[in-house]
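Student:
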Amino acid sequence: MWEMVPPPRFERGTSRSTSKFLHVANLLRVFKKLCYPSEITQKIWTAVNMPEQTGSTEPQKSTDTVRTRRGSVRITDRLVKELLPPENGYQIVYDSQTSGFGIQVMKSGKRSFVLNYRIQGSERRITIGRYPEWSVLAARRRAEEFRVQIAQGIDPKKVRDEKYHSPTMKDLHSRFMEQEAQKVCDEYREDIERIYRQHFLPKWGSRKVRDISFSDCDSLHRQISKTRPTRANRILSVMTRAFNLAIKWGWIERNPTLGIEKNKEHKRQHYLTPKEIRRVLEALDAHSERTSCEAIKMILLTGARKGEVLKSSWDQFNEDLTIWSKPAASTKQRKPHIVRVSKPVTELLSIRREQSNSDYVFQSRNGKPLQDVKKTWASITEKAGIEGTHIHDLRHTYASVAISNGVDLYTVGQLLGHTQTQTTARYAHLFDETLHRATETVAEVMTTNTRA
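End of the sequence shown sits at 450 in this note's numbering; the numbers just go up one at a time, nothing left out.
(1) Between residue 397 and residue 213, what straight-line distance do the alpha-carbon atoms span, to the nearest angstrom?
(2) Comparing C-alpha positions only, which one of 354, 387, 413, 408 sits nearest to residue 336?
(3) Report all residues from its chain with a CB closer than 8 Å to the CB of residue 467; omit the five preceding and five following residues, and keep chain order.
(4) Can you give me the Cβ contacts of residue 197 inside the same chain, cut-off strictly under 7 Å, excluding the 5 residues immediately before and after it?
(5) Under the assumption that residue 168 contacts residue 204 (Cβ atoms under 8 Å), give the Cβ distance between them as a whole number of angstroms.
(6) Taking the beta carbon of residue 104 as the centre, do at least 16 other beta carbons fall within 10 Å, making it buried, or is it exposed?
(7) Find the nearest neighbour of residue 137 within the set 95, 165, 207, judged by alpha-carbon distance.
(8) Can you tell me whether residue 286 is buried or exposed, with buried defined as 16 or more other CB within 10 angstroms of its CB?
(9) Indicate whether the contact test is met: 3 or more Cβ pairs, each with one atom in the region 249 to 257 and one in the region 280 to 294, closer than 8 Å.
(10) Quick check on residue 206: does DSSP put it in helix, strand or coil?
(11) How is residue 261 classed by DSSP in three states: helix, strand or coil?
(12) Whole angstroms are fine: how far does the CA of residue 306 sit from the CA of residue 451?
(13) Please classify residue 327: is it buried, with 16 or more other beta-carbons within 10 angstroms of its beta-carbon, or exposed?
(14) Please state the DSSP three-state secondary structure of residue 93.
(15) I'd like to check one pair, residue 106 with residue 127: are the Cβ atoms closer than 8 Å?
(16) According to DSSP, what are the bridge partners of residue 125?
(17) Assuming residue 333 and residue 303 are in contact, meaning their beta carbons sit under 8 Å apart, how far apart are those beta carbons, in whole angstroms?
(18) So residue 323 is in the beta strand (DSSP E); what residue range does that whole segment cover?
(19) So, using beta-carbon positions, are residue 101 and residue 81 closer together than 8 Å?
(20) Return the residue from the list 98, 181, 275, 179 that minimises the CA-CA distance to residue 148.
(21) Select from 355, 319, 352, 378 the residue whose C-alpha is nearest the C-alpha of residue 340.
(22) Just to confirm before moving on: does the CB-CB distance between residue 170 and residue 240 stay below 8 Å?
Put into structure tokens, the structure is as follows:
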């Protein structure tokens, strides 16, 4: 029936007053449980556990929380281990060495280190950590660090709460796709989505945006650069844009990608020769997959981007299929682009419209626009003997053929949908041969007429 209470033991590093306090506290708990009426026990207990207000002799109104202020002792590991849990609520024993530092014991027996402090006229309490994960020494040091912050006007609990509730990389992805992705073309938006899914979310999805460091970004860029340096640069551009938006939204103050150097890139511009173009057209006509092949042929004959062709719909063309009005949503510059198409393209579209019952020019088997032509293009390049040629090279080829036949840069830019002259200027070197032929023609005409 009676619970044996051991006498105080004095160990090295433990003061006599500390052990005496523990022994008296344990005795009172046993007496409260076995001998004394609850009213008498409460009076005895109140004598040891005084209210938090200095100088007050009134007992606390709530019996669910027991805190020692006047009876504070130097908190040690032994004290923490031997503290008995209260019957209700929680108990806090405060430290006599560090102001506001204490150990909180819950009814369940869980123990946590806390720090009480006042800042800007308000009483606050912050939990430092759970015992025994945190030792008394480590918790006291953290409490002293918090005290330094408080003296500087920094509220440690507010800082922690803001960090805990700050957005994650998953939140950044969601907000970008919801608000910013509409400002770029479909093809670029899909590429951004792939980059997030393949590189950002698996590594950083649950991490706070504010916790992503320069080292994280640089490591990812260097890792991808080992095998795909150009792709690594595209991923770095997406990272930079994402963190710039985070700065704009007030999530972070500095972009962690600052200082990362891009890999050197050699602009790849491959143009098909007239013989290669002929072999490609022959391979397209002989291939069994008509939808993909006709989409590729339209890319070649219009110089349009792959995404513009694959997502084209009949309502983008006029009645006689001679004018193509590309909506802003499908263009890279996010601006409408109206262009006249050639007779071969009109004939191709006419045949498809007669056979179509869809809203899309190039419909897939599931009724949606064709997503890609990779497999068909690989087959075509193999048959035409031009393996390694990219589908985007057809756009460069269109521009080179136009310039080689005397079409000026401005007109080429209009046909391709360029909004900046420097974009079309990449083809300027192709004018050299055209200009040479032109000057030879003029000279030949003049000298011939002179001799006559």
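Positions of the beta carbon are idealized from the N, C-alpha and C atoms, including for glycine.
Tutor: Reading from the atomic positions:
(1) 42 Å
(2) 413
(3) In the structure displayed, the chain extends from -1 to 450; residue 467 sits before or after that span and is not available.
(4) 218, 233
(5) 7 Å
(6) exposed
(7) 95
(8) exposed
(9) no
(10) strand
(11) coil
(12) Missing from the structure shown is residue 451; the chain here goes from -1 to 450 and no further.
(13) exposed
(14) strand
(15) no
(16) 112
(17) Wrong, their Cβ atoms sit about 13 Å apart, outside the cutoff.
(18) 321 to 324
(19) yes
(20) 98
(21) 319
(22) yes
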